[in-house]
Amino acid sequence: MAQEQIQEQQQTQSLKQIQGITQQQLLQAQLIELPVAQLLERVNAEMDDNPALELSTGDDSEYSETFDDADNPEPSDDYEREERQSALDAALESIGRDDEELPVYHGGQSYQEEREELVYGASQSFYDLLKEQMGTTNLDEHERDIMEYLIGSLDEDGLLRKSLESICDELAIYHNLDTSVREIEKILHRLQEFDPAGIGARNLQECLLLQIQRRDPSHLRDLMERVVKEYFEAFTKKHWQKLQQALQLSDIQAETLIGELRKLNPKPGASLGETVGRSLQQITPDFIIDTQDDGTVTFQLNMSDVPELHVSQSFSDTLREYQGNKEKMSRQMKEALLYTKKKVDAAQGFIEAIKARQHTLTVTMKAIIQWQHRYFEEGDEALLRPMILKDIAEKTGLDLSTVSRVSNSKYAQTRWGTFPLRHFFSDSYVTAEGDELSTREIKATLQDIVEAEDKQHPYSDEALGKLLAEKGYPIARRTVAKYREQLGIPIARLRK
74 MAQEQIQEQQ QTQSLKQIQG ITQQQLLQAQ LIELPVAQLL ERVNAEMDDN PALELSTGDD
134 SEYSETFDDA DNPEPSDDYE REERQSALDA ALESIGRDDE ELPVYHGGQS YQEEREELVY
194 GASQSFYDLL KEQMGTTNLD EHERDIMEYL IGSLDEDGLL RKSLESICDE LAIYHNLDTS
254 VREIEKILHR LQEFDPAGIG ARNLQECLLL QIQRRDPSHL RDLMERVVKE YFEAFTKKHW
314 QKLQQALQLS DIQAETLIGE LRKLNPKPGA SLGETVGRSL QQITPDFIID TQDDGTVTFQ
374 LNMSDVPELH VSQSFSDTLR EYQGNKEKMS RQMKEALLYT KKKVDAAQGF IEAIKARQHT
434 LTVTMKAIIQ WQHRYFEEGD EALLRPMILK DIAEKTGLDL STVSRVSNSK YAQTRWGTFP
494 LRHFFSDSYV TAEGDELSTR EIKATLQDIV EAEDKQHPYS DEALGKLLAE KGYPIARRTV
554 AKYREQLGIP IARLRK
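Under the working numbering, the letters of the sequence shown match residues 74 to 569, in that order.
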C-alpha cells in the first residue's frame, strides 16, 4: 500500500514595524548638512537640472526667507510632513521657557552691514586642499564618504585625536555608514599619504614617523626613525646627551641628527593653514549672531546669496491644462504630463526642503544660544556650559542625527569672532561630589594658569592640579595631564 504524501500549507500572521525614509526626508537631510556656500552650489545645480525651478521675482512672499515664513511653511498633503512641522513649531515656541527665560531674537542687523566686517577670500582652506587631493585618489563612493569624514575629524594641527572606534560609531549612527575599524584604518593610511607629510597621524610619534618615512633612504633617516621609535621619551625631553651615547654618535653626527629632528613639524595642519590662509576671511558664516550692549542676543541665517525660488508659472499652467483633459489625452500628451508633473513635484519638494533647512537651523541655533546665553553676552570661553548634541536634540525635539548634521561644517559669526558650531559644544567633568563642570571651562582656566606662570619655574602637573582645585576645579593629576596634552601644552621641563 503506497503511503499517501500529504502537503500542508499554513498561514501565519506576524506584526513587524519597518521604518523607511522617503526621498523628501533624504533631500532635507542632505540640505541640512550643507554649509551655505555648498547650499548655493546645490541650488544652482538644481536649477540647471530642473526647468520648472525658477528664481523668485522678489515680491512673492510665499517663498520668503524671513523668520515668520520659516515658522509657517506652505501646507502640504503629506500627513507625516505636517506632523513633523507641527512638532518643530511646538519645540520652537517652548525653547527659552526654562533657563531664566533668557531672550533670544531672530533678526538683528542686516547681513549686508555685518558682511562689511568680513572679507571673503578665494584662497583654499586647509580642508579644501585635502579634499582636492582626495579627488585624485582612487576611491569608491563608500570609501570617499569615510575619508571625507576623517578629514572633517582632523583637528587644526592636522592630527586625528578621535579613536577609530568612535569614528566607526559616529559613521553608523549619524551617517548610516556600515563600516569597520579595520576599513577606517585602511582609508586613514591612504589619507596619511597626502601632503603635508604627517597629516592624519593619531599622535605626535606617528606624525613624526610619517614625515621621516617620506625622506629618501639614508643612514641619517634610519637614525631619525630609530630615535622616534626607540627613544621617543628621551627625544621629547631633549635628553640629547643620552641619545648620543645610546646611538654611539660623534659630536658632529649628533649635532646633524638633532638639527634634522628639529626640522620635523609637530603640527602639519597648522603650517598648511598658514600657507593657504585658513582664517576667518575664507569662512562664510551660516549664522550671524549679534549681542547688544544690554545683553540681548539676536541672530539670523545667512541666506543673502542663496536665491529665492518658485515653481515656473508656465510649468504649473501646463500641468493644470493637461490634468483638465485627461480623458482626451493622446499617448504623447500623457508622456508630456508625466514629465511636467515630475519636474513640478521635484521643484516643490526642493523648495520645501530649503524651507525645512531654514527652520531646522533656526530652531537649533536658538537652542544653542539659549543654552550658552552667558557666553554670547560676554564672550568668555570659561562661561560655556557643558553641552552635547543630545542636550540640543532634547531641547528642540529634533533627532540627534539632525542636530549633528546642523552642527557639522557650519560657522557662526559672533561679536567675539567666527567659530565652528562645534565650538559651542563641550563635555562635562563630574567631580567626586557630583558637581558638573565644563571641560572647556577647566581647559581655559588651565591655559590661563600656564600663561601666567614663571617661565623659569613652570608648574608640574601636580602643582597645576592644586591650583585648579583652589579655583574650584578639583581634578586628578592624570586629568590635568590629559587636558594639558589636548591643549598642546608641553610638560614643565619643556616650558622653560
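Even glycine gets a Cβ: it sits at the ideal position worked out from N, Cα and C. In this text the structure is predicted, and so the values were computed from the model without any measurement.
Start and end residues, alpha helix (DSSP H) containing residue i
{"i": "Phe267", "result": "No alpha helix (DSSP H) contains Phe267, which DSSP labels as neither H nor E."}
{"i": "Phe497", "result": "Here Phe497 belongs to no alpha helix (DSSP H), and DSSP marks it neither H nor E."}
{"i": "Ile424", "result": "404-444"}
{"i": "Thr329", "result": "324-334"}
{"i": "Leu99", "result": "96-106"}
{"i": "Glu558", "result": "550-559"}
{"i": "Glu229", "result": "Careful: Glu229 lies outside any alpha helix (DSSP H) and carries neither H nor E."}
{"i": "Thr309", "result": "305-309"}
{"i": "Ala525", "result": "512-525"}
Per-residue burial, residue i [other beta carbons within 10 Å of its own, 16 or more giving buried]
{"i": "Arg568", "result": "exposed"}
{"i": "Tyr412", "result": "exposed"}
{"i": "Thr248", "result": "Sequence inspection shows His at residue 248; the Thr mentioned does not correspond to that position. By the 10 Å Cβ count, His248 comes out buried."}
{"i": "Pro148", "result": "Because Pro148 sits at a pLDDT of 37, beneath the cut-off of 50, its placement in the model cannot be relied upon, and the following sentence gives the value as read from the coordinates. Exposed, because fewer than 16 other Cβ atoms sit within 10 Å of the Cβ of Pro148."}
{"i": "Arg365", "result": "The residue asked about is misnamed: residue 365 is Gln in this sequence, not Arg. Burial call: exposed."}
{"i": "Met74", "result": "Unreliable positioning characterises Met74 in this predicted model, as indicated by a pLDDT of 47, which lies under 50. A coordinate reading is not provided."}
{"i": "Asp289", "result": "exposed"}
{"i": "His432", "result": "buried"}
{"i": "Glu173", "result": "Interpretation of Glu173 is limited by its pLDDT of 45, a score under 50 that renders its predicted location unreliable; the figure taken from the coordinates is listed afterwards. Burial call: exposed."}
{"i": "Asp521", "result": "exposed"}
{"i": "Ile240", "result": "buried"}
{"i": "Gly373", "result": "According to the sequence provided, residue 373 is Gln. The question's Gly does not apply to it. By the 10 Å Cβ count, Gln373 comes out buried."}
{"i": "Glu166", "result": "At Glu166 the pLDDT is 43, less than 50, meaning the model places this residue with poor confidence; the figure from the coordinates comes in the next sentence. Label assigned to Glu166: exposed."}
{"i": "Glu524", "result": "exposed"}
{"i": "Asn375", "result": "buried"}
{"i": "Arg513", "result": "buried"}
Distance, residue j Cα to residue i Cα
{"i": "Glu454", "j": "Arg551", "result": "23 Å"}
{"i": "Tyr532", "j": "Ala307", "result": "20 Å"}
{"i": "Glu238", "j": "Thr371", "result": "39 Å"}
{"i": "Tyr448", "j": "Leu457", "result": "6 Å"}
{"i": "Glu381", "j": "Ser129", "result": "5 Å"}
{"i": "Leu212", "j": "Glu221", "result": "11 Å"}
{"i": "Arg299", "j": "Asp324", "result": "18 Å"}
{"i": "Met406", "j": "Glu394", "result": "11 Å"}
{"i": "Pro108", "j": "Ala536", "result": "44 Å"}
{"i": "Arg430", "j": "Gln101", "result": "7 Å"}
{"i": "Arg557", "j": "Leu320", "result": "31 Å"}
{"i": "Ile362", "j": "Lys204", "result": "29 Å"}
{"i": "Arg495", "j": "Asp201", "result": "19 Å"}
{"i": "Asp418", "j": "Gly561", "result": "53 Å"}
{"i": "Val301", "j": "Ile564", "result": "18 Å"}
{"i": "Ser482", "j": "Glu543", "result": "38 Å"}
{"i": "Thr487", "j": "Ile427", "result": "24 Å"}
{"i": "Asp230", "j": "Asp367", "result": "37 Å"}
{"i": "Glu138", "j": "Ser377", "result": "For Glu138, the pLDDT reaches just 32, beneath the cut-off of 50, and the residue's location in the model is therefore unreliable, although a value from the coordinates is still provided. If I take the Cα positions, the gap works out to 9 Å."}
{"i": "Arg566", "j": "Trp313", "result": "14 Å"}
{"i": "Thr95", "j": "Leu112", "result": "21 Å"}
Inter-residue CB distance, residue i and residue j (contact presumed, cutoff 8 Å)
{"i": "Pro269", "j": "Pro341", "result": "4 Å"}
{"i": "Arg294", "j": "Ile285", "result": "6 Å"}
{"i": "Tyr484", "j": "Pro358", "result": "5 Å"}
{"i": "Ile272", "j": "Leu223", "result": "That belief does not hold up - the Cβ atoms of Ile272 and Leu223 are roughly 10 Å apart, past 8 Å."}
{"i": "Leu296", "j": "Leu330", "result": "6 Å"}
{"i": "Val553", "j": "Asp527", "result": "That pair is no contact at about 18 Å."}
{"i": "Thr435", "j": "Val479", "result": "In fact, because the Cβ distance is near 10 Å, the residues do not count as touching under 8 Å."}
{"i": "Ile465", "j": "Asp500", "result": "14 Å between Cβ atoms; not a contact."}
{"i": "Leu392", "j": "Lys414", "result": "6 Å"}
Residue i, enclosing beta strand (DSSP E) - first and last residue
{"i": "Leu484", "result": "Here residue 484 turns out to be Tyr, not Leu, going by the sequence shown. Residues 484-487."}
{"i": "Leu382", "result": "382-384"}
{"i": "Gly490", "result": "490-493"}
{"i": "Ile361", "result": "360-364"}
{"i": "Gln318", "result": "Premise fails: Gln318 lies in the alpha helix (DSSP H), 313-320, not in any beta strand (DSSP E)."}
{"i": "Leu126", "result": "126-128"}
{"i": "Gln278", "result": "Here Gln278 belongs to no beta strand (DSSP E); instead the alpha helix (DSSP H) covers 277-286."}
{"i": "Leu374", "result": "370-374"}
Residue i vs residue j beta-carbon contact at 9 Å
{"i": "Arg115", "j": "Leu104", "result": "yes"}
{"i": "Phe492", "j": "Gln445", "result": "no"}
{"i": "Phe423", "j": "Pro124", "result": "no"}
{"i": "Thr210", "j": "Arg263", "result": "yes"}
{"i": "Ala420", "j": "Ser477", "result": "no"}
{"i": "Asp228", "j": "Arg234", "result": "yes"}
{"i": "Glu425", "j": "Gln97", "result": "yes"}
{"i": "Leu281", "j": "Leu337", "result": "yes"}
{"i": "Gln265", "j": "Leu283", "result": "yes"}
{"i": "Leu473", "j": "Ile246", "result": "yes"}
{"i": "Gly452", "j": "Trp489", "result": "yes"}
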